[in-house]
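Below is one structure, written out as C-alpha cells; comments come after it.
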Amino acid sequence: MAEAHQAVAFQFTVTPDGIDLQLSREVLKHIYLSGVTSWKKRAIRFKNGVLTGVYPASPSSWLIVVIAIMSTMYARIDPSMGMIDRIKTSLLVSAILFATVLWLSFIFLLRYILKALLSYHSWIFESHGKMSFSTKVWLVLVKLLSGRRPLLYSFQASLPHLPVPSTLCLYLESVRPLLDDEQYKQMEIVANDFKKDPAPKFQKHLKLKSWWATNYVSDWWEEYIYLRGRDPIMVNSNFYTMDLLYVIPTHRQAARAGNVVHAMLQYRRKLERGELTPLRALGIVPMCSFQYERMFNTTRIPGIETDFVQHLKDRKHLVVYHRGRFFKVWLYYGGRHLWPSELELQFQRILDDKSEPQPGEIKLPSLTAGNRVPWARARLKYFTEGVNQASLEAIETAAFFLTLDDEAHGYDPENIRSLDLYAKSLLHGKCYDRWFDKSFTLIVYKNGKIGVNTEHSWADSPIIGHMWEYVLATDCFHLGYNAEGHCKGDINKSLATPTRLQWDIPKACQEIIEGSYMIAKGIANDVDFHGCLFNEFGKGLIKKCRTSPDAFIQLALQLAHYRDKGEFCLTYESSMTRMFREGRTETVRSCTCESTAFVRAMEDEKCRGKQRLALFKKAADKHQNMYRLAMTGAGIDRHLFCLYIVSKVMGIDSPFLKQVLSEPWRLSTSQTPQQQLNLIDIQKFPKYVGAGGGFGPVADDGYGVSYIIVDENLVTFHISSKFSSPETDSFRFGQNIRQAMLDIKALFNLKEKKM
1 MAEAHQAVAF QFTVTPDGID LQLSREVLKH IYLSGVTSWK KRAIRFKNGV
51 LTGVYPASPS SWLIVVIAIM STMYARIDPS MGMIDRIKTS LLVSAILFAT
101 VLWLSFIFLL RYILKALLSY HSWIFESHGK MSFSTKVWLV LVKLLSGRRP
151 LLYSFQASLP HLPVPSTLCL YLESVRPLLD DEQYKQMEIV ANDFKKDPAP
201 KFQKHLKLKS WWATNYVSDW WEEYIYLRGR DPIMVNSNFY TMDLLYVIPT
251 HRQAARAGNV VHAMLQYRRK LERGELTPLR ALGIVPMCSF QYERMFNTTR
301 IPGIETDFVQ HLKDRKHLVV YHRGRFFKVW LYYGGRHLWP SELELQFQRI
351 LDDKSEPQPG EIKLPSLTAG NRVPWARARL KYFTEGVNQA SLEAIETAAF
401 FLTLDDEAHG YDPENIRSLD LYAKSLLHGK CYDRWFDKSF TLIVYKNGKI
451 GVNTEHSWAD SPIIGHMWEY VLATDCFHLG YNAEGHCKGD INKSLATPTR
501 LQWDIPKACQ EIIEGSYMIA KGIANDVDFH GCLFNEFGKG LIKKCRTSPD
551 AFIQLALQLA HYRDKGEFCL TYESSMTRMF REGRTETVRS CTCESTAFVR
601 AMEDEKCRGK QRLALFKKAA DKHQNMYRLA MTGAGIDRHL FCLYIVSKVM
651 GIDSPFLKQV LSEPWRLSTS QTPQQQLNLI DIQKFPKYVG AGGGFGPVAD
701 DGYGVSYIIV DENLVTFHIS SKFSSPETDS FRFGQNIRQA MLDIKALFNL
751 KEKKM
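In terms of UniProt numbering, the sequence shown opens at residue 1 and continues consecutively.
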C-alpha cells in the first residue's frame with residue numbers, strides 16, 4: 001500500500017542518548033517542494049484576492065492617492081478640510097489614513113456606478129445590428145469602469161441584484177394558448193383573487209429578501225428543487241456532456257485519462273487562483289461567476305429530509321472506479337501536479353490490476369443512484385466507522401470521481417444507435433459505475449472516448465461546459481500524444497501505486513445496495529433516448545433568414561410536438577440570469593399564442609406561404625422578447641416559485657400557486673452553449689466540434705430535448721422520453737424535428753450551399 005511505501009522513507013533508532021532520526025534525503029526534498037508549492041499557492045491566492053477585492057481600482061492606485069494627498073499637504077493645501085488634523089497621530093500617518101479612506105470610498109463609488117450601469121438592460125431589447133445612442137454611451141462607460149485585466153471574481157461585487165418582478169399578467173398570457181375559453185376565464189378569476197390577497201403580502205416579503213440577500217431565488221432554488229428532493233437524482237436530475245463528436249485523439253484508455261485529468265488539474269489551479277477570464281456578453285457585460293466555486297472537491301451528502309452540498313479546498317487525490325473496485329490516486333508528487341505520462345502510468349496500473357471486488361463493492365455506487373432516504377440511513381448505519389468510513393471519506397473528499405469504463409462508446413456513422421447508447425451510458429451507465437453524488441464523474445471508455453455526468457444542485461450546464469471546452473482544447477492542442485498514442489513525457493516508475501479502498505459491507509447493507517440498484521435499473525431501462533444529428537443546415541443559413549437560431553429551433557420544436565401528439569403543451573426552455581449576482585436560470589415559456597398560430601398555419605393546407613412566413617416572424621420576435629425578459633429578471637416561473645415558498649412558510653394556502661406549480665412540463669428544452677472560451681477554431685478544425693449533452697425526461701409522458709447549434713451546418717438534438725409512455729417515441733420525435741426544420745427553411749426559399 002502507498003502508506004507502507006511512504007513509511008519506510010524514514011527510520012529512527014532509540015539509543016541511550018535519545019532518539020536518532022535517520023531521514024531520507026529524497027523525502028526531505030519532497031517535503032521542501034510541497035512546502036514551497038503550498039506557500040506559492042497561498043501567495044498567489046492572496047495577491048489575486050487583493051486584486052479582486054479592490055477592483056475596479058488597483059493596488060497601485062492607492063499609492064497614487066497617497067502621493068497626491070502628501071503633495072497637497074506640502075503645498076499647504078488641505079483637501080481633507082481639517083480631517084487630517086483631527087486624527088491624533090503624526091502628520092504622515094494621518095495623511096496615509098485619510099488617503100486610504102478616500103481610496104476605499106473611491107472604490108465603493110466606482111462599484112456603485114458600475115452596478116448602476118449594469119442594471120441597464122435596454123441594449124438587449126434592441127434589434128440586431130442597431131444600437132441607440134444611449135446604449136453606445138453606456139457601453140463606453142462600462143468599458144471604462146471595467147478595468148483592463150479582470151479576474152474571474154472581479155465583477156461579483158458590482159453585479160446588480162435580481163429584481164422582483166410582477167408576473168401575473170405574463171403568466172395568464174403564457175397559458176392562454178393551452179386553455180379553452182371557459183378554462184381561461186376560470187384561471188383569470190383565480191389569478192385575480194390571488195392578486196388581491198394574499199399576493200401583496202408575499203410580494204413584500206420577497207422584496208425584503210431581495211434587499212437583504214444576494215439573490216432572492218438561488219438559495220431556495222438549490223434547496224427546494226434539488227436538495228430536498230427524495231427521488232433518485234440519476235436521470236431525474238443529473239445531466240451529461242459528450243466528447244468531441246468526430247475525433248478520438250488516442251484509443252489508449254489510460255493515456256486519454258492521463259491527459260484529461262491533467263488538463264482538469266490545470267483548470268482547477270486557474271479556478272482556485274481566480275485567474276480565469278470572466279465570461280462577458282458582447283465582450284463587455286460580465287456574467288456572475290459564483291457557480292464555478294464548487295466545481296471541484298464537492299459532493300452532495302444524503303440526508304433523511306434534505307441533502308447538503310459539501311465543498312472542500314485543496315483536495316490532492318481522486319478516486320477511480322474500475323470493474324467493481326475503488327482506487328485512490330494521489331495527484332501530486334514533490335509539490336507539483338502529476339504529469340500526464342505519470343497519470344497514464346497510474347491508470348494503466350489500475351487497468352492491469354487483476355484483484356477481485358470485495359463483497360458488496362461492485363454495486364456500492366448504486367446507493368447514489370437510488371432513493372435518497374435509504375442511502376442516507378445506510379450511510380449513517382454502515383459508513384460512520386472503520387474502513388467503510390475511511391473509504392467513503394476518500395470518495396467524498398476527492399477532487400472528482402473517475403470511471404475507467406470497460407465498454408466502448410462514441411458516435412459511429414455506420415451505427416444509427418451509437419449516439420443513443422453513448423448518451424444512455426453517460427446518463428446512467430450500469431447504475432452502479434458512476435458516483436452520482438460527486439460534483440461530476442469523468443467517464444473514460446476503453447476506446448478512448450470520454451464524457452461527464454454532472455450532479456445538478458451545485459451548478460448549471462454552462463459552468464461544466466466552460467471547463468469541458470478548456471479540457472478538450474488542452475487535451476488535443478496543447479498536451480497531445482506521441483506516435484504510439486501515449487501521453488508525452490517521461491515515465492516515473494517510482495510513483496507509489498494506487499491504493500485499493502477497503503470495505504466491510506455486511507449482508508444487510510448489501511440488500512439495501514441491491515434495492516437501490518433495482519430502483520435505478522428500472523429508471524434506466526425506461527429511458528428512451530435518441531441522438532439526432534441535423535446536418536442539412538445550421539446557424540449560417542438560419543442567420544440568413546434574419547431570425548434568432550434559438551427562436552428558429554424552438555418554433556421547429558413546437559411544430560414537431562404538434563405533429564407528434566396533435567396538441568400543444570406547456571414548454572420549458574432554460575435561460576440564464578447570470579447578469580445578476582448569484583443568478584442561475586429562468587424559464588422561457590416557448591408555447592405562445594403567436595407560436596401556436598404559426599403551427600396551425602403550417603398544418604392548414606389553405607394557408608399560403610407568405611402568411612406562414614409572416615406568422616413565423618411574429619412568433620420568432622415574440623420568443624426573442626420572452627427570452628430577453630427572462631434574462632433581465634422579468635421571467636415568470638422563478639418568481640411564482642418563490643411566492644409559493646413564502647406561502648408555505650407563512651402557512652397561507654394559495655389555490656392559484658398550487659395549480660401553477662403542479663402544471664407538468666411535457667416539453668422541456670435547453671440549448672447547450674459552446675465556444676465560451678473560443679479555444680478551438682472550428683472553421684480551421686471542423687472535425688473538432690463537441691456533441692453537446694443532455695438530460696432525462698422531466699414528465700412521464702413528455703420529452704426532454706437538449707440541442708447544440710454546433711456550427712454553420714450542424715445542429716445536434718439529444719431527445720429523451722420514457723418507454724413506459726404510449727404517447728412518446730424519441731426516434732419519432734427526432735424525425736418530426738428534422739422535417740419541421742426543413743419545412744420552416746422552405747418558407748424562406750433559400751438554397752443551401754453544398755459543402
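For glycine and all other residues, C-beta sits at the position ideal for the given N, C-alpha and C.
| Which of helix, strand or coil DSSP assigns to Q348 | Three-state result, Q348: helix.
| Range of the contiguous alpha helix (DSSP H) that encloses N749 | For N749, no alpha helix (DSSP H) encloses it, and the DSSP letter there is neither H nor E.
| request: Measure the C-alpha to C-alpha separation of A2 and Q348 and round it to an integer number of angstroms. | output: Caution applies to A2, whose pLDDT of 36 falls short of 50 and renders its modelled position unreliable; the value that the coordinates give is listed next. A2 and Q348: Cα-Cα distance of roughly 17 Å.
| message | Does V142 pass the burial test, meaning 16 or more other C-beta atoms within 10 Å, or should it be called exposed? | response | Buried.
| said: Helix, strand or coil, according to DSSP, for L21 in the structure here? | reply: With a pLDDT of 49 at L21, under the threshold of 50, the modelled position of that residue is not reliable, and no figure is offered here.
| task | Look up P697 in the DSSP assignment and say whether it is helix, strand or coil. | result | DSSP places P697 in coil when its eight states are reduced to three.
| With 16 other CB atoms within 10 Å as the buried threshold, where does T384 fall? | So T384 ends up on the exposed side.
| query | What are the start and end residues of the beta strand (DSSP E) that includes K328? | reply | Its beta strand (DSSP E) spans residues R325 to W330.
| Cβ-based neighbour list, T716, same chain, cut-off 8 Å, excluding 5 preceding and 5 following | Here the set comprises L245, G531, C532, L533, F534, A691, G692, Y707, I708 and V710.
| query | What three-state label does DSSP hand Q310 in the structure shown? | reply | If DSSP states are grouped into helix, strand and coil, Q310 belongs with the strands.
| query | Between S94 and T72, what straight-line distance do the alpha-carbon atoms span, to the nearest angstrom? | reply | So the two alpha carbons sit approximately 13 Å from each other.
| Does the beta-carbon of A4 have 16 or more other beta-carbons within 10 angstroms, so that it is buried, or is it exposed? | Legend: pLDDT at A4 = 36, less than 50; position of this residue unreliable, no value from coordinates given.
| said: Mapping the DSSP letters down to three states, classify N48 as helix, strand or coil. | reply: Looking at N48 - three-state DSSP - the assignment turns out to be helix.
| For Y153, which of K195, T52, H311 and L110 has the nearest alpha-carbon? | For Y153, the nearest C-alpha among the options comes from T52.
| query | Can you tell which of Y411, D406, K438 and I416 has the C-alpha that lies nearest to the C-alpha of V444? | reply | Measuring from the Cα of V444, the nearest candidate turns out to be D406.
| task | Report yes if the C-beta distance between L345 and I491 is below 8 Å; otherwise report no. | result | Yes, the pair counts as a contact, with Cβ atoms nearer than the cut-off.
| message | To the nearest angstrom, how far is the alpha carbon of R325 from that of T403? | response | So the alpha carbons of these two residues sit roughly 10 Å apart.
| For S461, three-class secondary structure by DSSP | For S461, the three-state secondary structure derived from DSSP is helix.
| query | In three-state terms, what does DSSP make of F98? | reply | Residue state, collapsed to three classes: helix.
| message | For Y411, report the span of its alpha helix (DSSP H) as first-last. | response | No alpha helix (DSSP H) contains Y411, which DSSP labels as neither H nor E.
| request: Could you have a look at residue 815 and say whether DSSP puts it in helix, strand or coil? | output: There is simply no residue 815 to check, as the chain begins at 1 and stops at 755 in what is shown.
| said: Suppose contacts are defined by Cβ-Cβ distances below 8 Å. Is S439 in contact with F598 by that definition? | reply: Between S439 and F598, the C-beta spacing is not below 8 Å.
| Taking one C-beta from the region 373–392 and one from the region 417–436 each time, how about it: are there three or more such pairs within less than 8 Å? | Segments in contact, no.
| task | Specify the secondary structure class of C591 as computed by DSSP and reduced to three states. | result | Here C591 sits in coil by DSSP.
| said: Using the Cβ count rule (16 or more neighbours within 10 Å means buried), how would you classify G635? | reply: So G635 ends up on the buried side.
| said: Going by DSSP, what residue range makes up the beta strand (DSSP E) through L162? | reply: Unbroken run through L162: none, as it is neither H nor E.
| With S575 and T585 assumed to form a contact (beta carbons below 8 Å), what rounded beta-carbon distance in angstroms separates them? | Going by Cβ atoms, the distance from S575 to T585 rounds to 7 Å, so yes, they are a contact pair.
| field | Simplified DSSP assignment, three categories, for T135 | value | It is helical.
| said: Please classify C591 as buried or exposed, where buried requires at least 16 neighbouring CB atoms within 10 angstroms. | reply: It is buried - the Cβ of C591 has at least 16 other Cβ atoms within 10 Å.
| message | Quick check on this structure: which residue in H456, Y332, A699 and A560 has the alpha carbon closest to the alpha carbon of L495? | response | For the set H456, Y332, A699 and A560, the Cα lying nearest the Cα of L495 is the one of Y332.
| Taking the C-alpha atoms as reference points, what is the distance between W220 and G480? | Distance between W220 and G480, taken at the CA atoms: about 43 Å.
| task | Spatial neighbours of L367 within its chain, please: CB distance less than 7 Å, with the 5 preceding and 5 following residues excluded, ordered by chain position. | result | Closer than 7 Å at Cβ, skipping near neighbours: W375, A378, I513 and S516.
| task | Give the secondary structure of A281 by DSSP, where H, G and I count as helix, E and B as strand, and everything else as coil. | result | DSSP places A281 in strand when its eight states are reduced to three.
| message | Only counting the same chain, and skipping five residues up and downstream in sequence, which positions put a Cβ closer than 6 Å to that of A473? | response | The answer, listed in chain order, is L679 and I680.
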